[in-house]
Amino acid sequence: MSLKDYEGKVLLIVNVASKCGYTPQYEGLQDLYEKYKDDGLAILAFPANNFGQQEPGTNAEIREFCDSNYQVTFDMFSKISVKGDDQADLYAFLTDASKTNGHGSEIKWNFEKFLVNRKGEIVGHYRSKVTPLSDELVGDIKKALDEK
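So the sequence shown is numbered by this note's numbering: it starts at 3 and just counts up by one.
In structure tokens, the structure reads:
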């Protein structure tokens, strides 16, 4: 995967897990994607087993779970690590960049969200409790989409 593939899009990057109390957020993520994809929103979901072993499945099992339970059509990637010694490069970038932009730091749990504007700048980091359809997140997404 290259972020170049998403150049000019607004990105919502989320670390996900199938056996988490926040797993129902998949539904809100799908609703958000359907509502704003034609305006330039891309959702990138990265399964991770870093917290409470809540994503134990294989990539195929995770995909099947998301398809059958939430009819997910946004981009789902292979399982990665979002923290620790084996942290994926993308998450190393996101957590470092967010420190300098005042948008949080390390990932603390599943379903944390990073909002990246069309210029590739991190404009928001939202903890797990911020739902996909919250006024805060939707407002920030609309603002990012309006910036051309």
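Virtual Cβ for every residue (Gly too), placed ideally from N, Cα, C.
Since we're looking at a predicted model, the values are computed, not measured.
Residue i, enclosing beta strand (DSSP E) - first and last residue
| i | result |
| --- | --- |
| residue 17 | 12-18 |
| residue 121 | Element bounds for residue 121: n/a, residue is neither H nor E. |
| residue 62 | It is not in any beta strand (DSSP E) - residue 62 instead sits in the alpha helix (DSSP H) that spans 61-72. |
| residue 143 | From DSSP, residue 143 is part of no beta strand (DSSP E) but of the alpha helix (DSSP H) over 137-148. |
Whole-Å CB distance - residue i paired with residue j, under 8 Å assumed
| i | j | result |
| --- | --- | --- |
| residue 130 | residue 113 | 5 Å |
| residue 82 | residue 97 | Residue 82 to residue 97, Cβ: 13 Å. No contact. |
| residue 67 | residue 59 | 7 Å |
| residue 118 | residue 125 | 7 Å |
| residue 64 | residue 20 | 6 Å |
Member of the options whose CA lies at the smallest distance from the CA of residue i
| i | options | result |
| --- | --- | --- |
| residue 85 | 95, 77, 78 and 41 | 95 |
| residue 61 | 54, 50 and 71 | 50 |
| residue 16 | 4, 59, 111 and 36 | 111 |
| residue 13 | 20, 26, 87 and 34 | 34 |
| residue 120 | 10, 4, 90 and 137 | 10 |
| residue 77 | 139, 39, 71 and 87 | 39 |
Exposed unless 16 or more other CB atoms sit within 10 angstroms - verdict on residue i
| i | result |
| --- | --- |
| residue 134 | buried |
| residue 141 | exposed |
| residue 154 | Limits of the chain in this structure are 3 at one end and 150 at the other, which puts residue 154 out of reach. |
| residue 75 | exposed |
| residue 107 | exposed |
| residue 27 | buried |
Under 7 Å between C-beta atoms of residue i and residue j
| i | j | result |
| --- | --- | --- |
| residue 2 | residue 18 | Nothing in the structure corresponds to residue 2, since the chain is present only between 3 and 150. |
| residue 93 | residue 32 | no |
| residue 147 | residue 7 | no |
Span of the alpha helix (DSSP H), counted from its first residue to its last, around residue i
| i | result |
| --- | --- |
| residue 79 | That residue, residue 79, is in no alpha helix (DSSP H); it is neither H nor E in DSSP. |
| residue 46 | Segment 43-49 is the beta strand (DSSP E) holding residue 46; no alpha helix (DSSP H) there. |
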